[in-house]
Structure formats: structure tokens, C-alpha cells
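To start, the structure itself, in C-alpha cells.
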Amino acid sequence: MVSKLRAERVAERIHEELSNILIMEVSDPRLGMVSITDVSVDRELAFATIYVSSLEGSEAAEGIIQGLNHARGYLRRALAQRIQLRSFPRLRFVWDPIPERADKIDRLLDSLPEIPSPTEPEQEDPDLDG
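For the sequence shown, our numbering assigns the number 1044 to the initial residue and increments by one for each residue that follows.
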């Protein structure tokens, strides 16, 4: 079992390297707009859970996860060549809905009417002064 700090470092490195691999080396069209949002590695370094998202939204989630699972062996091998570990963690891909939810909340907040703050005096309309 490794320390929590070591597991976090391995997760950060997997995040960096996998992002580069997806940009530079993977030609699967399903994975064109994929973003790695987070990576967590268990304390035994047996599994790396990789959270992914896409600008295409959750409609594309199933195809993206299938594409990543299809490329799992290649991705694990490529990562193992770049990150020296005694045994490399198995990869699990999970759809991350948080970026999509955050975007929805931002749009909702933007659609709310502005309310003047209590410290700002309301400006009078000059057309109303008779």
C-alpha cells in the first residue's frame, strides 16, 4: 500500500499523460472532444478511475465510454511506458456529469433578472420628473 500523497502523484501523472495520448495519438473519432476531468488511484495502485467529459454533452457519453473501453489496453500500455511503476493500475472510465451541471447552473444564473443591491441607491428616471 502506498501513501495517499504517492497515489495522488500517480493520479496527476496519469491525468497529464493520458490527456496527451488522447490528443496526439488516438484516432478514434468518438474520442475527439474528450476531456479528462479527474483521475483517482486507489491506495494499492490496482485501479485508476478516470473521469471524462465532453463538449458534446451526456448524449455522447455512451459512445465515448465505449471508445475508451475499446482502447483501454492500448492506453494502459502507452501509460505504462511513460510512467514507471512496478505494476500499472487497470483503467476504469466513468462519465463525469459535473461540467455539464455547472454549465447548466451558470446558464440559469445568467437568466435571472438583476436585483439592485441594498447599498446602491436606485436611480430615478429623469423622464418621470414632471
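Note that the Cβ used here is the ideal one computed from N, Cα and C, for glycine as well.
All values derive from a computational prediction rather than experimental measurement.
Item                                                                                        : Value
Candidates MET1067, LEU1048, ASN1112: closest to VAL1095 by CA position                     : ASN1112
Bounding residues of the beta strand (DSSP E) (the contiguous stretch that carries ARG1129) : Here ARG1129 belongs to no beta strand (DSSP E), and DSSP marks it neither H nor E.
Length of the line joining the Cα atoms of GLN1127 and ARG1120                              : 11 Å
Pair within 8 Å by beta-carbon distance, ALA1089 and ARG1144                                : no
Which of helix, strand or coil DSSP assigns to VAL1045                                      : coil
Whether PHE1136 touches LEU1122 by CB criterion (8 Å)                                       : no
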